[in-house]
Amino acid sequence: MNTPQALQLNPENSFSISSSCPAFYSPSSIEELANIAKAMDKPFYVLGAGTNTLFVNNVTPAIIHPNFHGIEVKDCGDRVLVSGQSAENWHEFVQFCLNRGYYGIENLALIPGSIGAAPVQNIGAYGVELADVLDSVSWFEFSSQTLRHFTNEQCHFGYRDSIFKHALFGKGIIVSVTLSLSKTWQPKLSYQGLAQLGADASAEQVFNQVVQLRQSKLPDPKELPNAGSFFKNPVVDEDVFNTLQQSYPDMPYYPQRNHQVKLAAGWLIDQCGLKGYRQGNVGVHQHQALVLVNYGQASGRELYQLAQYVQQQVKQKFAICLEPEVRLLDSAGLIHLTEVNN
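If you read the sequence shown in UniProt numbering, its first letter stands for residue 1, the second for the next number, and so on.
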């Protein structure tokens, strides 16, 4: 087993927050995972590429950083099963599939992070979710020290949600993810920004358009530390939406199942006059209100307090409580974004 060691985590998170962990493990085999499971007697957190986590305090729990690499392909006639180990870069995995004519995840290009984190969040963008193409997940269970396999249905996917956030949280680690992709190209262009490509658009054109759109909207975390979209797009009942639309007829919306409507969190924040808002070392990005940024030597607590303020302003104006998409971590583990009282 690799020896646990304290580590400064600035390079391990896209917010570039200064924090340290009491022990850092980077297993690259099932045997190492089993040994870590035997020795783990303290709170821990599984950290992938660190692109969706905010370290709120100066100290985190022990960190397990999976280091499993490799991609395997199984031909299944008109479809193909592509398995990626958890530490593989997601965007590079999308490119790998595109270059070989395996279709279905072009709309998910340039989403930061690792393959292992993708099912946890059920990542999604431009009208496609991971749940649309996921075949199965291989997951190492600490208690039994065995590898278990979960089908798409068993993952209990929801909007930015899965079983790995709930019943299985803290009980194991995703080792690999298998997708079922098509060899026949069928574009999905319903989302804003893609429709203008036309029905005969190639997979490469869709991929390039998604990359261009994301780069135009989201700042590069290497230049301006951030974690992309900080908040989830809220989903409300139709009656709530209808009431809001009477006051805000230009409000963007996306009909969902079960008489619900998804709203644009960035638009809600923008309507509160917060685009470009700044509090010391942190702020709301000037071009994309859904992104919170670290302008310098910000602490995790400063970003947490800014998120509280944004949440408060949106609730006051729209009676909607935004939930973070970014995962918030203190020394004991994951925490919630607590609303600020007036």
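Ideal Cβ positions, reconstructed from N, Cα and C, are used throughout, including at glycine.
Item: Outcome for residue 252 when other beta-carbon atoms lying within 10 angstroms are tallied against a minimum of 16; Value: exposed
Item: Proximity below 7 Å, CB of residue 19 to CB of residue 58; Value: yes
Item: Rounded straight-line distance, which links the Cα of residue 248 to that of residue 65; Value: 45 Å
Item: Alpha carbon of residue 328 to alpha carbon of residue 50, nearest angstrom; Value: 11 Å
Item: Beta-bridge pairing of residue 330 - partner residues as DSSP gives them; Value: 333
Item: Cross-strand partners of residue 125 (DSSP beta bridge); Value: 128
Item: Residue 82 vs residue 179 beta-carbon contact at 7 Å; Value: yes
Item: Residue 318 to residue 310 span [Cα, whole Å]; Value: 12 Å
Item: Three-state secondary structure (DSSP) of residue 247; Value: helix
Item: Element boundaries [beta strand (DSSP E), containing residue 173]; Value: 172-182
Item: Residue 191 to residue 101 span [Cα, whole Å]; Value: 22 Å
Item: For residue 165, the three-state DSSP class (helix, strand or coil); Value: helix
Item: Rounded straight-line distance, which links the Cα of residue 39 to that of residue 111; Value: 34 Å
Item: Residues of its chain near residue 8, where Cβ-Cβ distance is below 8 Å and the 5 sequence neighbours each way are ignored; Value: 18, 19 and 20
Item: Rounded C-alpha distance that separates residue 201 from residue 292; Value: 33 Å
Item: Chain-order list of residues whose beta-carbon lies under 7 Å from that of residue 288 (same chain, five-residue window excluded); Value: 217, 218 and 266
Item: Simplified DSSP state of residue 1, which is helix, strand or coil; Value: The predicted model places residue 1 with a pLDDT of 47, which falls under 50 and marks its position as unreliable, so this point remains unresolved.
Item: Assigned secondary structure, residue 35 (DSSP; H/G/I helix, E/B strand, else coil); Value: helix
Item: CB contact flag (residue 177, residue 137, <7 Å); Value: yes
Item: Exposure of residue 229, with buried meaning 16 or more beta-carbon neighbours within 10 Å; Value: buried
Item: Option nearest residue 130 by Cα separation, candidates 141, 153 and 105; Value: 105
Item: Element boundaries [alpha helix (DSSP H), containing residue 90]; Value: 90-99
Item: Candidates 139, 158 and 160: closest to residue 150 by CA position; Value: 139
Item: Residues bridged to residue 158 [DSSP beta-bridge criterion]; Value: 161
Item: CA nearest to the CA of residue 71, picked from 223, 96, 193 and 271; Value: 96
Item: Distance, residue 271 Cα to residue 212 Cα; Value: 25 Å
Item: Contacts around residue 337, its chain only, beta-carbon distance under 7 Å, and the 5 residues preceding and following it disregarded; Value: 307, 308, 311, 324 and 328
Item: Neighbour-count burial assignment, residue 330, 16 or more Cβ in a 10 Å radius; Value: buried
Item: Helix, strand or coil at residue 58 [DSSP, three-state]; Value: coil
Item: Short CB-CB distance (under 7 Å) between residue 282 and chain B; Value: The structure shown has no chain B; it contains just one protein chain.
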